[in-house]
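Q:
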Amino acid sequence: MKTLTKADLIEHLMQQMQLTRQEGRCLVENFFDELSKSLIEGSVIKLSGFGNFELKDKSSRPGRNPKTGEPVAVSARRVVTFKAGQKFRQKVDANLFS
4 MKTLTKADLI
14 EHLMQQMQLT
24 RQEGRCLVEN
34 FFDELSKSLI
44 EGSVIKLSGF
54 GNFELKDKSS
64 RPGRNPKTGE
74 PVAVSARRVV
84 TFKAGQKFRQ
94 KVDANLFS
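Start counting the sequence shown at 4; every next residue gets the next number (our numbering).
Here it is, written out as structure tokens:
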């Protein structure tokens, strides 16, 4: 299984769009910066044909240390969730069973 990195995205942009490495890096960095800023501001990110990113608040809850079994309080936090869109799920399923 291969991991897709920012460097891979930059390389792909360079090949497909004839961008320089610097232009590709700038495009990728700006995309992720904009995504991050929007989520921090509380916006839902909807990428048509791909899916939605959303920031959710999780309340504190009791938990346990998996090594010792000792009870531990899990603090409140904010998490980013992703829900794949229908078109994306269909493409993944089509490639999974082909």
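Yeah, the Cβ is synthetic: ideal placement off N, Cα and C, and Gly gets one too. In this text the structure is predicted, and so the values were computed from the model without any measurement.
Pairs of beta-carbons, one from the stretch 16–30 and one from the stretch 55–62, closer than 8 Å: are there three or more?
A: No: the two stretches stay apart, fewer than three of their Cβ pairs being nearer than 8 Å.
Q: Give me the residue from P69, V83, V77 with the minimum Cα distance to E44.
A: The sequence position of residue 44 within the sequence shown is 41, counting from 1. Selected option, being the one with the closest Cα: V83.
Q: Using 9 Å as the threshold, is the C-beta distance between N55 and K86 below it?
A: As a first step, residue 55 is located in the sequence shown; it is residue number 52 there, counting from the start. As a first step, residue 86 is located in the sequence shown; it is residue number 83 there, counting from the start. Yes. Within cutoff.
Q: Got a sec, what are the start and stop residues for the alpha helix (DSSP H) A10 sits in?
A: Numbered from 1 along the sequence shown, position 7 holds the residue referred to as residue 10. Where A10 is concerned, the enclosing alpha helix (DSSP H) stretches over 9–20.
Q: Where does L16 land, buried or exposed, given buried means 16+ other C-beta within 10 angstroms?
A: On the sequence shown, position 13 is the one that residue 16 refers to. With 16 or more Cβ atoms within 10 Å of its Cβ, L16 is classed as buried.
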